[in-house]
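Asker: One structure, pasted below without further comment.
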Amino acid sequence: MRMYYNGGGSAAWTRKEGQSPSGGLNKAGRASYKRQTGGTLKAPTKSKTSGRRKSFCARMGGMKKKLTSAKTARDPDSRINKALRKWDC
């Protein structure tokens with residue numbers, strides 16, 4: 031099911047408008063996601079001791095290995111690699 035906002039477009043978190051150029055979602059993207067799904071997403075953390083960061087890095091590292099092509103895994107501009115860099119993984 032497609033949700034429409036602001037006069038007929040899709041939610042910001044699914045478009046470039048809600049995505050950070052350095053990976054992940056920006057503030058507008060997180061707000062759009064919350065409006066659409068009711069879920070709350072937090073901004074990335076760089077604290078080395080954060081359990082949330084360790085969990086994210088482990089989960090996304092596994093996704094990178096299993097769910098991406100070799101070309102995507104090597105591409106520094108892929109969304110998954112940008113997110114891993116932003117989270118300092």
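Anchor point for the sequence shown: position 65 equals 95 in our numbering, and the numbering is continuous, going up by one each time.
Here a beta-carbon is modelled for each residue, glycine too, at the ideal position from N, C-alpha and C.
Remember, it's a predicted structure, so these values are computed and weren't measured experimentally.
Mapping the DSSP letters down to three states, classify Gly39 as helix, strand or coil.
Answerer: It is a strand residue.
Asker: Starting from Leu55, follow its DSSP beta bridges and name the residues at the other end.
Answerer: According to DSSP, which records beta bridges pairwise, Leu55 is partnered with Gln49.
Asker: Let me know the secondary structure DSSP gives Thr67 once reduced to three states.
Answerer: Correct three-state label for Thr67: helix.
Asker: Measure the C-alpha to C-alpha separation of Gly69 and Ala100 and round it to an integer number of angstroms.
Answerer: Approximately 32 Å, taken between the alpha carbons.
Asker: Decide if the stretch 110-119 is in contact with the stretch 81-100; the criterion is three or more beta carbon pairs, one per stretch, under 8 Å apart.
Answerer: Touching, per the Cβ criterion.
Asker: Mind checking which residues open and close the alpha helix (DSSP H) that includes Ala88?
Answerer: Start and end: Gly81 to Leu97.
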